[in-house]
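Residue numbers (this note's numbering), protein chains in the order written: chain H, 179 to 538; chain V, 179 to 538.
Pasting the structure below:
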């Protein structure tokens, strides 16, 4: 994998990742972008004890551009995109409309009731392919294998930013769930705090450890591996299952059989197999319904602070589609009370996900 | 307010609430509905330590019926709906496709890793008017005043069910957020557990109390009343404001100025004024955009267990609409990490909500 970093016209960083030798990617960004000066802040909700990001400048971000104006396609003579080169394999760059950045000038306040701080951190976009109409599930195994290494490398890079406490790689796919840019891409957030979801998992794990002497993630993985009723895929190094208390119509959690904190800790053999298994799972989501299901793919990594060994790196992949023409919406119970009401029994979802395995 | 209870053909309870004398509502339900035997369960997510409701029978619930088939309109000679009478003011009945009921026969399990239990509890539908094309914001003040009394009475009734630990009155309004039935109606859930959201608030309040000796809700209300930058409406007995760390593009929290645990504790004067203020707030949501904003209106009441006096009854009203043709979707950061990214600065949302006050 060859890396070529450049700077965009407004000073943002961009890195090309090439599978082979290919282009030297020395095309300059000739656009007149003005200053990159996003300003966001984080505010602590005192009732829920959670951070909320307030990023007013994002209200005007790009919204469903026409395909010929796609900012994630390579540039051409007549149309300059976010990527100056005329082709690329995988490219990563700082989001032009970031929720978090190292630029924010908001003051930190220490009101006993209302804490707030600048929205320091980093938001990157990762383009998985230069092909506008492709999808992650259509990528070659070697490309996916490379993307796993890119996620690893970006996690390492973001971990070096002093304010960043947690790195989150994810992909939102499908206009049904609000994706405003169809070009195959994901995002990488470097949060300046440990997210609420991760804190909850760590608290549960600590409680389980003190009650049973065991690691909670290990117990879940062992239970699912033994009692295969919710298993979707069980390979040499990975297990994918529908969780016992799934929130979404179709939801899959994917764990390595060996507990590791993050991408970096995976061996080459585990990575090779992950490329195969992840493509397999996405193919199942494509085949669940007459058209591919929209999804969110969330790679959970240990935060950078505290004892990282208790947390288990894993993927949570889910779709809000509950039928060919029905979506699950988060209504009063979910949005206001955090109580999900599922329409599909997890064991039946697993059965269905096993049925739509690769037909070849 | 006159109450007339009847039983529907499958044994479910229905109660008519009349403003004046009106009909005696003795029309029988002549439909052939078969047995009412919903079966749901609750499962504990071990990683997040939250209950999830699994209700497989809901997958086939009514989905966007044609207006002439509306199950919430009064019955006619030729078309029998859920409401046998030919007219009504306000009516409440057990949901035919409930997430929770007193019928479930699932066994309780006490696996140390995976707890589950029958989905005992109750789900009611409340129809605010017999007029199919009305909206809550178009109701008369006297009707709203009566609905406040109905919410109070239903909360009292549900509180008597031994399994119910928390009563939640809410309304989901607008097809954009997944409402499958446009007739003006709300829902009332009796949960067999304290919801995760309420537990979080109580934990924050306990922590604040031990740190400052003060009640957290009181501190928030006092702060907003004093520093009016986020205030939307401040009347004799109520204050409505955009919260400091709002999650949604437009979000309003409405508190009585006197801390009470639930609907029942409100005085007549507070109820009278609540009818006025709530209609005022809904009118603002109607006027924010060229067409009325979809919304979720969530009435937070103290759970039935524990010390109820620390909790402050309040409304959380929010819309996911962030522009005339844009919705906020919950993508990776929100759905997978519980970190909301807001596009609209709370103080600017409050300014806008003050601007769209009643023009008369």
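Ideal placement from N, C-alpha and C gives every residue a C-beta, glycine not left out.
The C-beta of residue 336 of chain H has 16 or more other C-beta atoms within 10 Å across all chains shown, which makes the residue buried. The alpha-carbon of residue 480 of chain V is positioned some 23 Å away from that of residue 363 of chain V. Contact between the region 329 to 346 of chain V and the region 359 to 376 of chain V is present, with at least three C-beta pairs closer than 8 Å. Residue environment for residue 506 of chain H: buried (at least 16 other C-beta atoms within 10 angstroms of its C-beta). Taken atom to atom, the span from the alpha-carbon of residue 284 of chain H to that of residue 466 of chain V is near 28 Å. Its chain contains 472 as the residues whose beta carbon lies nearer than 6 Å to that of residue 352 of chain H, once the 5 sequence neighbours on both sides are disregarded; these appear in chain order. Of all residues in the region 214 to 236 of chain V, those with a C-beta nearer than 7 Å to a C-beta of chain H are 221, 222, 223, 224, 225, 226, 227, 228, 229, 230, 231, 232, 233, 234, 236, reading in chain order.
Between residue 348 of chain V and residue 475 of chain V, the CB-CB gap stays under 9 Å. Going by beta carbons, residue 463 of chain H and residue 409 of chain H fall outside the 9 Å limit. The beta carbons of residue 457 of chain H and residue 315 of chain H sit closer together than 9 Å.
Here residue 231 of chain V has 218, 220, 277, 278, 297 as same chain residues with Cβ atoms under 7 Å from its own Cβ, once five neighbours each way along the sequence are excluded. Taking 3 residues as the minimum length, the beta strand (DSSP E) runs contained wholly in the region 220 to 307 of chain V are 228 to 232, 268 to 272, 293 to 296, 300 to 305, in order along the chain. Counting along the chain, no alpha helix (DSSP H) covers residue 209 of chain V, and no H or E run does either. DSSP, reduced to helix, strand and coil, places residue 531 of chain V within a helical segment of the structure shown. Taking C-beta separations shorter than 8 Å and ignoring five residues to either side along the sequence, the partners of residue 265 of chain H in its chain run 200, 201, 252, 308, following chain order. Per the DSSP secondary-structure output, residue 190 of chain H pairs with nothing in a beta bridge.
Residues are counted here when their Cβ sits less than 7 Å from a Cβ of chain H; for the region 403 to 416 of chain V the count is zero. Residue contact check for residue 385 of chain H against chain V: a CB pair falls below 9 Å. Secondary structure note for residue 389 of chain H: its alpha helix (DSSP H) is the uninterrupted segment 374 to 390. A residue is called buried once 16 or more other Cβ atoms fall within 10 Å of its Cβ, and residue 338 of chain H, having fewer, is exposed. For the 9 Å CB-CB criterion, residue 525 of chain V and residue 429 of chain V do not form a contact. Residue 222 of chain H and residue 190 of chain V have their alpha carbons spaced roughly 44 Å apart. With fewer than 16 other Cβ atoms inside 10 Å of its own Cβ, residue 245 of chain V counts as exposed. Secondary structure note for residue 322 of chain H: its alpha helix (DSSP H) is the uninterrupted segment 319 to 337. For residue 521 of chain H, the closest Cβ of chain V is nearer than 9 Å.
With contact defined as three or more Cβ pairs closer than 8 Å, the region 505 to 522 of chain V and the region 399 to 408 of chain V are not in contact.
By the rule that beta-carbons nearer than 9 Å mark a contact, residue 506 of chain H touches chain V. In the DSSP annotation of this structure, the continuous segment of the beta strand (DSSP E) that includes residue 351 of chain V starts and ends at 344 to 351. When Cβ-Cβ separations below 9 Å define contact, residue 497 of chain H makes no contact with chain V. Taking CB atoms only, residue 363 of chain V has no neighbour in chain H less than 9 Å away.
Put simply, the CB of residue 524 of chain H is near chain V, with a gap under 9 Å to one of its CB atoms.
Leaving aside the five residues that flank residue 534 of chain H on each side, the residues in its chain whose CB is nearer than 7 Å to its CB run, in chain order, 462, 465, 466. In the structure shown, residue 362 of chain H adopts coil according to DSSP, grouped into three states. Around the beta carbon of residue 537 of chain H, fewer than 16 other beta carbons lie within 10 angstroms, which makes this residue exposed.
C-alpha of residue 365 of chain H to C-alpha of residue 357 of chain H: approximately 12 Å in a straight line. The continuous stretches of beta strand (DSSP E) do not include residue 509 of chain V, and DSSP gives it neither H nor E.
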